[in-house]
Amino acid sequence: MEQQIGLNGYLAVGAVLFVCGVICMATKRNAVGVLMGVELVLNGANVNFLAFSRFGTLGLDGQAAALFVIVLAAAEAAVALAIVLSFYNNHQTIDVDRATQLKG
Amino acid sequence: MESFLFTVFAVTACGGAVAVVLSQHVVRMAFWLVISLGSTAGLFFLLNADFVGAAQLLIYVGGTVVLLIFGVMLTASGPYLKISGSPGELLQASVVGLAFLSILIFSVLRIDWDEHFAKLEQAAGPSFFERPTYRPASEGATVRGLGAALLGTRFDRDLGTGDDELSTGYLLPFEIISVHLLVVLVGAAYLARAKRKVTRSEE
């Protein structure tokens, strides 16, 4: 099977998604924005899983891992949104810099 | 054709991700996230992962982003819709991020993958997509193997090999993750509901 786009292109896309997610997590002060950064990071990891499953010898193992990542991301988003809602109900803001109650 | 589609999907995925970082409005961030995740699903289809791509569209774009938008609607009121960090922070983070990205891409490009995969194929046999029992992508055939793998039998590894050994599947992780998702959703509903009762009684 002839391939014009090799593994490297997909890995580069995964790296860009990952770095964008990390920057998003680091700079956004809105808690929902931080969550979107986490989604981007997990998505970049999924691109890598599927790229190695296609071009490497992983086969269906990589695709099963990607499915688990998708389900875990959904679970994580649900819990994190519940925490954000609860924080908003207590503090009337979702600015993560204001969450300083546990600071020693 | 494939390289053209890859270019389109890769550019929209990366551009959407960059736009998520750069836009300050939360709803616009959610929109760019939909663009980025959707074109990543296109990349998954290009990688012959038809079921994972469909699951990405259904769960991520259809479920998680809708959940995020509900979170925005429930929390963002007035000034909280646009909380932006200082531009200096964004500049700092971009410099660090670009340095990290260049390290990642540099190290990816340095490795000669073909040589490694040649070694792996010697050790583990031909890759999944080159095996004769595998039905090609035009038939969209990862669904059956994936479903069997999640139930603990590996058609893709065991059929046509000739030896009597059975490969391990993913039954236990599948059960754990399903119970995990159930517990997490119940816990999320409890977390989001109990606090609202407290504020109501305070009023």
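These protein sequence lines are chains A and B, in that order. The numbering of the first sequence is our numbering, which starts it at 108 and goes up by one. The numbering of the second sequence is our numbering, which starts it at 1155 and goes up by one. Note that beta-carbon positions come from the ideal geometry of N, C-alpha and C, so glycine has one too.
Contact with chain A is absent for Val1220(B), since none of that chain's Cβ atoms lies less than 7 Å from the residue's Cβ.
Using a Cβ-Cβ cut-off of 7 Å, Leu1245(B) does not count as an interface residue toward chain A, since no Cβ of chain A sits closer than that to its own. Inter-residue distance for Ala1173(B) and Val120(A) is about 15 Å (C-alpha atoms, whole angstroms).
DSSP, read as helix, strand or coil, puts Asn137(A) in strand. Looking at the DSSP output, Asp202(A) shares a beta bridge with Asn137(A).
Separation of the CB atoms of Ala180(A) and Glu146(A) is rounded to 6 Å, and the pair is thereby assigned contact status at 8 Å. Put simply, the CB of Phe1271(B) is near chain A, with a gap under 7 Å to one of its CB atoms. When 8 Å is used as the limit between beta carbons, Ala1342(B) is near these residues of chain A: Ala185, Val186, Leu188, Ala189, in chain order. Taking the Cα of Glu1243(B) as reference, the smallest distance to any Cα among Ala122(A), Gly113(A), Leu118(A), Ala133(A) is reached at Ala133(A).
For chain A, the residues of the segment 1243-1268 of chain B that bring a beta carbon within less than 7 Å of one of its beta carbons are Glu1243, Leu1244, Ala1247, Ser1248, Gly1251, Phe1254, Leu1255, Leu1258, Ile1259, Val1262, Leu1263, Trp1267, in chain order. Not a single CB atom of chain B sits nearer than 7 Å to the CB of Met132(A).
Contacts between Thr1296(B) and chain A, judged by CB atoms closer than 7 Å, involve Leu167, Gln170 in chain order. Three or more beta-carbon pairs separated by less than 8 Å link the segment 1213-1231 of chain B to the segment 181-194 of chain A, which places the two stretches in contact. Around the C-beta of Ala1167(B), 16 or more other C-beta atoms lie within 10 Å, and the residue is accordingly described as buried. Runs of the alpha helix (DSSP H) lying entirely within the segment 1156-1192 of chain B, each at least 4 residues long, are 1156-1176 in chain order.
Cβ contact annotation for Ile1213(B) (same chain, cutoff 7 Å, sequence separation greater than five): none. Considering only beta carbons, the part of the segment 1181-1198 of chain B lying closer than 8 Å to chain A consists of Met1183, Ala1184, Leu1187, Ser1190, Leu1191, Thr1194, Leu1197, Phe1198, in chain order.
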